[in-house]
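Numbering (the numbering used here), first residue to last: 185 to 573. A virtual CB, placed ideally from N, CA and C, is assigned to each residue, including glycine. This structure is a prediction, so every number in the text was calculated from the model and none was measured. To keep things clear, I will list the structure first and then write my remarks on it.
This is the structure we're talking about:
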């Protein structure tokens, strides 16, 4: 069992390394640095190749029926490639931020929190994504739903592993928050007043409360370092994945409208579900961070002793103010905080944009129908003009 844990943890780390999602190693270790640079060069060359091919195809799209769907598909394909380039560039250019975050992780001993339940959840998520890709490949092999399916798989998995990486870090931080919450519960139970007239506070209690406050500060700083490291990439990732869900939902409805085969439903439905599952998991983990912060703030208020020592009560007041102003949040460069409230707002936005796309589809179909009527009527009128009297 222990060997399986080590293997699974190392497989995750190796996947992040091969996807170029971790910072470059120091130049003192020459061989790993050269291998990491070579991996990034291969990724950049491949992504530039697919971006060039997608842009070239976009300029050659003819006018006519289905032009909206074609442009949406090219937009999603190019968006995935560009975001993958951003993530690789982030791993190269933000080495100092990554080093600061790693230092704070080690200070909190988060690297030891790769608990079996965290790994198990991440591996289940990867397995589900892989199973959905098998279904998509089967559907595409039967009906050629997406001509660039094979080209899109590498950078699609790069984006997915960034989601897995973000989830791992947030779940580790949430685990540390739970430990702090448990320590506060134990302390609150131990200092329950024996008498309503005399509530002494020992030096040990003050020291323990001060240590818990310092732990809270360290967790808050680790959240800040995490947001600084992954903020811009997270913002781009969520934007392009939202577009992915909107477009695949649009194509699913379009398949029903045009009476396509079941393979179109399978392909577009699996794509929407795979992306939506990762977004929901990340937003739920971010919401748990905010909820843990709120619960810790409520627990701190239970530590006060109205008849206790001034030093102890001052520590409780300072700790309570700190928990009030320093919330644990996962944020994309302060544009938005990842929580369930934002997820519901995103769902409403997806529905809105989907309605707009459907309106474009109906307008495009009506315009194409009118053009066909004009083309069919032109030969008839011309024949009448040249008909002998």
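Please determine, among the options, the residue with the shortest C-alpha to C-alpha distance to residue i.
{"i": "residue 522", "options": "350, 506 and 288", "result": "350"}
{"i": "residue 226", "options": "416, 425 and 338", "result": "338"}
{"i": "residue 366", "options": "334, 400 and 342", "result": "400"}
{"i": "residue 261", "options": "314, 455, 292 and 305", "result": "455"}
{"i": "residue 352", "options": "387, 304 and 320", "result": "304"}
{"i": "residue 433", "options": "371, 422, 414 and 460", "result": "460"}
{"i": "residue 194", "options": "300, 264, 221 and 265", "result": "300"}
{"i": "residue 534", "options": "424, 483, 509 and 499", "result": "424"}
{"i": "residue 426", "options": "208, 444, 256 and 497", "result": "256"}
{"i": "residue 345", "options": "532, 473 and 313", "result": "313"}
{"i": "residue 265", "options": "281, 241, 228 and 488", "result": "228"}
{"i": "residue 223", "options": "359, 209, 239 and 541", "result": "209"}
{"i": "residue 475", "options": "429, 519 and 525", "result": "525"}
{"i": "residue 237", "options": "537, 436 and 336", "result": "336"}
{"i": "residue 410", "options": "235, 354 and 458", "result": "354"}
{"i": "residue 288", "options": "254, 405 and 334", "result": "405"}
{"i": "residue 341", "options": "488, 462 and 468", "result": "462"}
{"i": "residue 396", "options": "239, 215, 242 and 499", "result": "499"}
{"i": "residue 263", "options": "276, 232, 251 and 292", "result": "232"}
{"i": "residue 230", "options": "527, 219, 203 and 215", "result": "203"}
{"i": "residue 458", "options": "496, 268, 531 and 317", "result": "317"}
Give the DSSP-derived three-state secondary structure of residue i in the structure shown.
{"i": "residue 192", "result": "helix"}
{"i": "residue 573", "result": "For residue 573, the pLDDT reaches just 40, beneath the cut-off of 50, and the residue's location in the model is therefore unreliable, leaving the point undetermined."}
{"i": "residue 381", "result": "Because the pLDDT of residue 381 is 46, which lies under 50, any placement of that residue in the model is unreliable, and the question is left without a value."}
{"i": "residue 523", "result": "coil"}
{"i": "residue 321", "result": "helix"}
{"i": "residue 536", "result": "helix"}
{"i": "residue 301", "result": "helix"}
{"i": "residue 488", "result": "coil"}
{"i": "residue 203", "result": "coil"}
{"i": "residue 329", "result": "coil"}
{"i": "residue 269", "result": "helix"}
{"i": "residue 208", "result": "coil"}
{"i": "residue 198", "result": "helix"}
{"i": "residue 284", "result": "helix"}
{"i": "residue 391", "result": "helix"}
{"i": "residue 543", "result": "helix"}
{"i": "residue 401", "result": "helix"}
{"i": "residue 518", "result": "coil"}
{"i": "residue 415", "result": "helix"}
How many Å lie between residue i and residue j at the Cα?
{"i": "residue 494", "j": "residue 478", "result": "25 Å"}
{"i": "residue 453", "j": "residue 481", "result": "42 Å"}
{"i": "residue 192", "j": "residue 310", "result": "12 Å"}
{"i": "residue 501", "j": "residue 273", "result": "44 Å"}
{"i": "residue 206", "j": "residue 398", "result": "29 Å"}
{"i": "residue 371", "j": "residue 212", "result": "46 Å"}
{"i": "residue 368", "j": "residue 290", "result": "22 Å"}
{"i": "residue 184", "j": "residue 403", "result": "No information on residue 184 is available, as it lies outside the stretch 185 to 573 that the chain covers here."}
{"i": "residue 131", "j": "residue 323", "result": "Because the chain here runs from 185 to 573, residue 131 falls outside it and cannot be looked at."}
{"i": "residue 422", "j": "residue 504", "result": "33 Å"}
{"i": "residue 200", "j": "residue 508", "result": "35 Å"}
{"i": "residue 472", "j": "residue 520", "result": "16 Å"}
{"i": "residue 381", "j": "residue 364", "result": "For residue 381, the predicted structure reports a pLDDT of 46, less than 50, and the residue's modelled location is therefore unreliable. The matter cannot be settled from this model."}
{"i": "residue 254", "j": "residue 444", "result": "16 Å"}
{"i": "residue 467", "j": "residue 333", "result": "28 Å"}
{"i": "residue 217", "j": "residue 348", "result": "24 Å"}
{"i": "residue 465", "j": "residue 430", "result": "18 Å"}
{"i": "residue 469", "j": "residue 387", "result": "37 Å"}
{"i": "residue 198", "j": "residue 215", "result": "16 Å"}
{"i": "residue 537", "j": "residue 374", "result": "55 Å"}
{"i": "residue 362", "j": "residue 235", "result": "44 Å"}
{"i": "residue 379", "j": "residue 360", "result": "Confidence is the limiting factor: at residue 379 the pLDDT is only 48, short of 50, which leaves the residue's position unreliable, though a coordinate-based value still follows. Going from the Cα of residue 379 to the Cα of residue 360 covers about 34 Å."}
{"i": "residue 220", "j": "residue 277", "result": "14 Å"}
{"i": "residue 279", "j": "residue 413", "result": "9 Å"}
{"i": "residue 242", "j": "residue 484", "result": "58 Å"}
List the endpoints of the continuous alpha helix (DSSP H) containing residue i.
{"i": "residue 235", "result": "214-243"}
{"i": "residue 355", "result": "333-374"}
{"i": "residue 502", "result": "494-509"}
{"i": "residue 512", "result": "Careful: residue 512 lies outside any alpha helix (DSSP H) and carries neither H nor E."}
{"i": "residue 459", "result": "446-485"}
{"i": "residue 278", "result": "Unbroken run through residue 278: none, as it is neither H nor E."}
Would the stretch 320-331 and the stretch 387-400 be scored as touching if the rule is three or more Cβ pairs under 8 Å? Touching, no, given that fewer than three Cβ pairs across the two stretches are closer than 8 Å.
Do three or more CB pairs link the stretch 405-422 to the stretch 501-518 at distances below 8 Å? Segments in contact, yes.
Stretch-stretch touch, CB-based, cutoff 8 Å, three pairs: the stretch 536-547 with the stretch 446-461: No, the stretch 536-547 is not in contact with the stretch 446-461.
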